[in-house]
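Heads up: the structure comes next, in structure tokens.
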Amino acid sequence: MKGADCVAECLIREGVDVVFAYPGGASLELHQAFTKTDKFRVILPRHEQGGGFAANAYARVSGKAGVCMATSGPGATNLVSAIADAYMDSIPLIAITGQVFSKYIGKSAFQETDFYGLTLPIVKHSFLVMDVHDLPRIFREAFHIATTGRPGPVVIDIPKDVQQAKFTPVWPAAMQLPAYRPEKHATDEQLATVLQLLVESKKPLLYIGGGVIAAEASADLRAFAEHNQIPVTTTLMGVGAFPETHPLSLRWFGMHGTVAGNFAADQCDLLICIGARFDDRVTGDTKAFAHRARIVHIDTDASEHNKNKRVLLPIISDAKFALARLNALQAARQSAAPDTTEWRAQCAAWKQEYPFSYEQSPHILPQEAIRTLYELTKGEAIVVTGVGQHQMWAAQFYDFAEPRRYISSLGLGAMGFGYPAALGAKVARPDKQVVDIDGDGSFTMNIQELATAAIEKIGAKAMILNNQHLGMVVQWEDRFYNGVRGNTILGDKANIGGPENLDGLYPDFVKIAEGFGVKGRRVVKKSELRAAIQEMLDHDGPFVLDVVVPYTEHVLPMIPAGKTVKDMIIK
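Dropping the structure here:
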């Protein structure tokens, strides 16, 4: 068979059911090979970045590796943001790229880029396939590397002559990567130390990240938290790992997280961090973060230990193994649980005193729109977001009781992520309601994916919180730059649109949606909000709901970058 046909067979053998792929000269052979099989679906995005973000979200929702593909040169470079996003958030992604003929590599051929070298800092591993006989082995290794240990993106760059070469493939009988040992398990002695620290503590806190979700360890986490009655707070990547409606949940913490979560991290005497990396948006000033606590850090990636925060007990381990073994050890030894009665009462008081809230307004507020969506979907939708204020409000005002329901670009913070990611999420879970909560700025960056939704019949919804501004940057301008606007107005500066000036709204998202064959509606009046959201949810197919909101709202609470809990802005 041809090398290109071998690639198709490799994908089939890995259980791939969808590839998001945009063709070009250097990947033409691959697309031709894909037409010969019905074992997986090929979805044509309208931009390679859109395809990359869709594959990324498919992976986040399904737990399987997402697959995207592009041609050489500009096609490949358009995947860079999606690859970087997968790297930052530890998402299993396979990025296949066509490359110029082998004999032209390094000679500045048409549409040539050194994609292998270009992506080295943002991948878990890269392959440049120079021998067609290596394809079966490389694809097997790529999927194994992407999905095991700490997940991440893998690039497979394939020159066109390798795609065209004919050969008889030999399928690897076993995985042979002796230098790669992704399975990391805590010892019983280490976990016994954790349990001893727990017994000695009065104010323990669980700090949970995306590693718990990646390891499918949510049930183990809940059992451990409930048995020991430990309050739980998460990162944004960890949202849903522990039910946010649970009495022990302090929801998520950090820059725009709950006051209760931030206060608890500041006051705790034992912090057990599992599957998180002490990111700056969580810690603020790392020296002051959890400064009263003895810290345990359980993570499968040893490079994260003591990188951002010095800890007492670093443990290299898969999160599921560590939590399951902690539960087993406690049960076998009948270990005493700590008395957290007073601590839980304090945390509950903070939750009661400082809930996420907003002032009433004659206009639709973004927070109100999100809460209404939550009520109408009964908290059961998969919520995807772009990047900006709406991203934070979505996490604040939509309660997540299960993992893989809040899908967002968090480490990289890539605007334009929202709608293409919603397409990937909907393809992964066609049985679920999928809603992209987006901003007018972020949505516009990949608005062309409305065509993908229409043509491919992917019923992902978009609820745009349209304030005519780059809201989060405007908030920083208001707080730290005396309100000076530095290119943050998206509408017509001479006639800024909004709830009080509809003539100045720009662009007309409803007309744009209709131009792509997607149903749209604009809502301005509070009295019409609930019905408009219900119409969006009831519509059988993609839908754009343009919700006009004021630009004066700020996301609060807020701990300014690099500051501490003492600097938190609550009102």
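Residue numbers are given in my numbering: position 131 of the sequence shown equals residue 127, and the series is strictly consecutive.
Ideal Cβ positions, reconstructed from N, Cα and C, are used throughout, including at glycine.
In this text, all values refer to a predicted model and were calculated from it rather than measured experimentally.
- Residue 98 is not a Cβ neighbour of residue 66, given a cutoff of 9 Å.
- Between the alpha carbons of residue 52 and residue 82 lies a gap of roughly 7 Å.
- Counting only unbroken stretches of 3 or more residues, the beta strand (DSSP E) elements lying wholly within the segment 133 to 183 are 149 to 155, in sequence order.
- In the displayed model, residue 535 falls within coil according to three-state DSSP, outside both helix and strand.
- Put simply, the segment 61 to 79 touches the segment 10 to 28. At least three CB pairs are less than 8 Å apart.
- Residue state for residue 542 is assigned as strand, using DSSP reduced to three classes.
- As computed with DSSP, residue 203 is found in a beta bridge with 229, 269.
- Within the segment -3 to 60, the complete alpha helix (DSSP H) segments at least 4 residues long are -1 to 9, 24 to 30, 44 to 58, listed from N- to C-terminus.
- Residue nearest to residue 107 within the set 156, 115, 85, 145 is 156 (criterion: CA-CA distance).
- Separation of the CB atoms of residue 479 and residue 547 is rounded to 12 Å, and the pair is thereby denied contact status at 8 Å.
- DSSP, read as helix, strand or coil, puts residue 416 in helix.
- Under the 8 Å Cβ criterion, the segment 314 to 331 does not count as touching the segment 283 to 291, having fewer than three qualifying pairs.
- Here residue 231 has 205, 272, 278 as same chain residues with Cβ atoms under 6 Å from its own Cβ, once five neighbours each way along the sequence are excluded.
- In the three-state reduction of the DSSP assignment, residue 117 falls in the helix class.
- Take the alpha-carbon of residue 414 and the one of residue 77: they are about 13 Å apart.
- In this model, residue 560 and residue 551 are separated by some 17 Å (Cα to Cα).
- The DSSP-derived three-state label of residue 70 is helix.
- Residue environment for residue 256: buried (at least 16 other C-beta atoms within 10 angstroms of its C-beta).
- In the DSSP assignment, residue 322 falls within the alpha helix (DSSP H) that extends over 315 to 329.
- Three or more beta-carbon pairs drawn from the segment 437 to 452 and the segment 407 to 427 are found closer than 8 Å, and the two stretches are therefore classed as touching.
- Approximately 11 Å separates the beta-carbon atoms of residue 459 and residue 372; this is outside 8 Å, ruling out the contact.
- Under a 10 Å Cβ-count criterion, residue 116 is classified as exposed, with fewer than 16 other Cβ atoms of the shown protein chains found around its own Cβ.
- When DSSP states are grouped into helix, strand and coil, residue 429 belongs to the coil group.
- Between residue 101 and residue 45, the alpha-carbon positions lie close to 24 Å from each other.
- Using a C-beta cut-off of 8 Å, the segment 233 to 246 makes contact with the segment 393 to 405, since at least three inter-stretch Cβ pairs fall below that distance.
- For the 9 Å CB-CB criterion, residue 493 and residue 530 do not form a contact.
- Residue 498 counts as exposed, since fewer than 16 other C-beta atoms from the protein chains shown sit within 10 angstroms of its C-beta.
- Between residue 165 and residue 5, the gap from beta carbon to beta carbon is short of 9 Å.
- In the DSSP assignment, residue 64 forms a beta bridge with 16, 91.
- Burial state of residue 229 is buried, judged by a 10 Å Cβ sphere holding 16 or more other Cβ atoms.
- Approximately 27 Å separates the beta-carbon atoms of residue 457 and residue 351; this is outside 8 Å, ruling out the contact.
- Two segments are said to touch when three or more pairs of C-beta atoms, one from each, lie closer than 8 Å; by this definition the segment 334 to 347 touches the segment 196 to 211.
- The alpha helix (DSSP H) runs lying completely inside the segment 324 to 371 and spanning 4 residues or more are 337 to 349, given in chain order.
- The three-state reading of DSSP puts residue 131 in helix, counting H, G and I together.
- Assigned with DSSP and collapsed to three states, residue 394 falls in coil, not helix or strand.
- When rounded, the separation of the alpha-carbon atoms in residue 158 and residue 376 is 46 Å.
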